[in-house]
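Each number in the working numbering corresponds to the 1-based position in the sequence shown with 1 added.
Take a look at the structure set out below.
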Amino acid sequence: MRPWAAHRSIAHLDFDAFFAAVEENRDPSLRGKPVIVGGGGRGVVSTANYIARRYGVHSAMPLRTARRLCPHGVYLTGHSRLYHEYSRRLMAMLDEYSPLVEQMGLDEAYIDLTGTERLFGPPMQTARLIQRRVVDELDLSISVGLATNKLVAKVASDLRKPAGFTVVPPGREEEFLAPLPVERLPGVGPALLERLHDRGVSTVGDLARIPVHLLRLSFGEIGELLAHRARGEDPRRVTPYEEVKSISREHTFDEYVSDVGLLESTLVSLTEDVCRRLRLRRLEARTVTVKIRYSDFVTHTRSRTLHRPLDVDEAFFEEVLSLFRQGRRRRYHLRLLGVGLSNLAPRAWQDDLFDQELPLLRELDLKLDAIREKYGKKAVRRGAALPL
Numbered sequence: 002m003r004p005w006a007a008h009r010s011i012a013h014l015d016f017d018a019f020f021a022a023v024e025e026n027r028d029p030s031l032r033g034k035p036v037i038v039g040g041g042g043r044g045v046v047s048t049a050n051y052i053a054r055r056y057g058v059h060s061a062m063p064l065r066t067a068r069r070l071c072p073h074g075v076y077l078t079g080h081s082r083l084y085h086e087y088s089r090r091l092m093a094m095l096d097e098y099s100p101l102v103e104q105m106g107l108d109e110a111y112i113d114l115t116g117t118e119r120l121f122g123p124p125m126q127t128a129r130l131i132q133r134r135v136v137d138e139l140d141l142s143i144s145v146g147l148a149t150n151k152l153v154a155k156v157a158s159d160l161r162k163p164a165g166f167t168v169v170p171p172g173r174e175e176e177f178l179a180p181l182p183v184e185r186l187p188g189v190g191p192a193l194l195e196r197l198h199d200r201g202v203s204t205v206g207d208l209a210r211i212p213v214h215l216l217r218l219s220f221g222e223i224g225e226l227l228a229h230r231a232r233g234e235d236p237r238r239v240t241p242y243e244e245v246k247s248i249s250r251e252h253t254f255d256e257y258v259s260d261v262g263l264l265e266s267t268l269v270s271l272t273e274d275v276c277r278r279l280r281l282r283r284l285e286a287r288t289v290t291v292k293i294r295y296s297d298f299v300t301h302t303r304s305r306t307l308h309r310p311l312d313v314d315e316a317f318f319e320e321v322l323s324l325f326r327q328g329r330r331r332r333y334h335l336r337l338l339g340v341g342l343s344n345l346a347p348r349a350w351q352d353d354l355f356d357q358e359l360p361l362l363r364e365l366d367l368k369l370d371a372i373r374e375k376y377g378k379k380a381v382r383r384g385a386a387l388p389l
C-alpha cells in the first residue's frame, strides 16, 4: 500500500513575507532593499521582507522601533486591494486541485489533497506543482507543509521559510514535532510559554511526555488540547467557507462576574475574534447575536440584523454593546458571554461610495489580523479589549 493511501493528505501553503513581496512585484526597484509594510507613523509593522529581518525588524514591532533598527529601510503603508487580488488568485489556483480549500488569511490556506491521486498524481507531486505555479504565475515565493493533518502541515510549512517544502510522512508526526521548541505549536503564546518553561517544558517532546491528566490539572481544558497537539493529533477537517453558516465564540468566566467594565471588555474581545474569523473566510455578516448566561444558568440571547452585510470590527462593537445593555435585565452575576455572526455572504468588493471610513477601517483590521495570525491574538489589541 502506498504510504499516503490510507491517510489524509493536507497541505498548508503560506506566502513568504506576503505584503512586502507584493510591494516588490508592484515596484521592482524595491528588490534588494529592506522593505517594511506598516500602518502609518504611529502604527506597527505588518510585514518585513527578509532583508529587513536581518536588522531585527519583525511583524508586530512598533514602527518607531523598526525605524531605529533599520533607518535606511523603505517604509510603506501598503495596498490592501492588491493583496486581496493576489490572495484571490492563489485561492482560484487551489480550487483547481480540490474542492476542499480553507483560507486562513490573505496569505495562507489549507488544501485537502486526499483522493486526488488519479487526477493529479501523488499528493507530494501535486503540492510541488502548486508551489512552482505560484512562483511562475504570481511571481511570489510560498512555503508548503504536507502532512496527515492541519496542525502538523502548518508547523511544517513554517519550518524552512522562505520557499520551504516540508513533508511529514504518515506515522511520523510526533517524531517530527518532538525536537521543535514548544512555541512552534499553534496556540502557545508568550503567557502560556512562560508557564510551560516554569514547568521545565522547552520542546514539544517535553510536553508530549507529560501525562494528559497532569496537563489538564495544570492548564484546564487547554491542557488536554496541548497533549493532543504535542503528539501531532488533529481531527479537524479542511472546511471551505461556503459550508460555514455562522461564526461565534463564547467565554466562560472562572468566577461569576458583575463588573460592567470587565463584561464589556470581554464582549469587545469576542467581537474582534469573530470578525477576524469572518474576514479570514472572505465573508460578511448581517446579523449579530449576543448570548448572556447568568449564574443560575438562565440564558438569554438578543439579535439584530443590519441594513447591509459588513466585516469590520467597528461596525459590530456598538451593536454588540447595545444588545448587551438591552439584554441584561436580571440582577444575577454572569457566568458566560458569547458573540455570534450569521446571515453570512461572500465579501463584496464595492464599498458604499458615501461611506469613506469603511475601507480605512478594513485596512486597519486586516493589518491587525496579519499580526495576530503570526504572533498570537495578544500581540496587539485595542485598549477596550480584554485579553482572553
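Using N, Cα and C, we set each Cβ at its ideal position, and we do this for glycine too.
Our two residues, residue 236 and residue 9, have alpha carbons roughly 10 Å apart in a direct line. Annotated as distal: residue 220 and residue 268, with beta-carbon spacing of 8 Å or more. Around residue 110, the same chain offers 13, 14, 91, 92, 95, 102, 103 and 104 as residues with beta carbons nearer than 8 Å, after the five sequence neighbours per side are excluded. The beta carbon of residue 196 lies closer than 6 Å to none in the same chain, with the five residues before and after it left out.
Annotation for residue 56: 35, 70, 71 and 74 place their beta carbon closer than 8 Å to its own, counting only its chain and skipping 5 residues before and after.
The continuous alpha helix (DSSP H) containing residue 262 extends over residues 261-281. By the Cβ-count criterion, residue 188 is exposed, with fewer than 16 other Cβ atoms from all chains shown falling within 10 Å of its own Cβ. According to the DSSP assignment, residue 66 belongs to the alpha helix (DSSP H) that extends over 64-70. Rounded to whole angstroms, the Cβ separation of residue 225 and residue 218 is 10 Å, and the two are not in contact under 8 Å.
8 Å or more divides the Cβ of residue 279 from the Cβ of residue 346. Positions of the beta strand (DSSP E) runs, each at least 3 residues long and wholly inside the stretch 146-177, are given as 166-168 in order along the chain. Contact between residue 63 and residue 45 holds, with the beta-carbon distance rounding to 6 Å and staying under 8 Å.
Secondary-structure assignment with DSSP links residue 128 through no beta bridge to anything. The C-beta separation of residue 259 from residue 335 comes to about 7 Å, placing the pair in contact by the 8 Å criterion. As computed with DSSP, residue 250 is found in a beta bridge with 340. C-alpha of residue 238 to C-alpha of residue 150: approximately 8 Å in a straight line. Around residue 184, the same chain offers 194 as residues with beta carbons nearer than 6 Å, after the five sequence neighbours per side are excluded.
Residue 47: member of the beta strand (DSSP E) spanning 46-49, first to last residue. The beta carbons of residue 291 and residue 302 sit about 7 Å from each other, so the pair counts as a contact at 8 Å. The Cβ neighbour count for residue 140, taken over all protein chains shown within 10 Å, is under 16; the residue is labelled exposed. One alpha carbon belongs to residue 131, the other to residue 318, and they sit about 40 Å apart. Note on geometry: alpha-carbon atoms of residue 255 and residue 30 lie some 54 Å from one another. Residues of the same chain with a CB within less than 8 Å of the CB of residue 246, apart from the 5 flanking positions on each side, are 343 and 345 in chain order. Distance from the CA of residue 179 to the CA of residue 231, rounded to the nearest whole angstrom, comes to 8 Å. With 16 or more other CB atoms across the displayed protein chains lying within 10 angstroms of its CB, residue 19 is buried.
In the structure shown, residue 191 adopts helical secondary structure according to DSSP, grouped into three states. Assignment of residue 107 by DSSP, reduced to helix, strand and coil, places it in the coil class.
The Cβ-Cβ distance between residue 153 and residue 128 does not fall below 8 Å. For residue 275 against residue 249, the beta-carbon gap comes to about 6 Å, under 8 Å, which counts as contact.
With contacts defined by Cβ atoms closer than 8 Å, residue 313 and residue 289 do not form a contacting pair.
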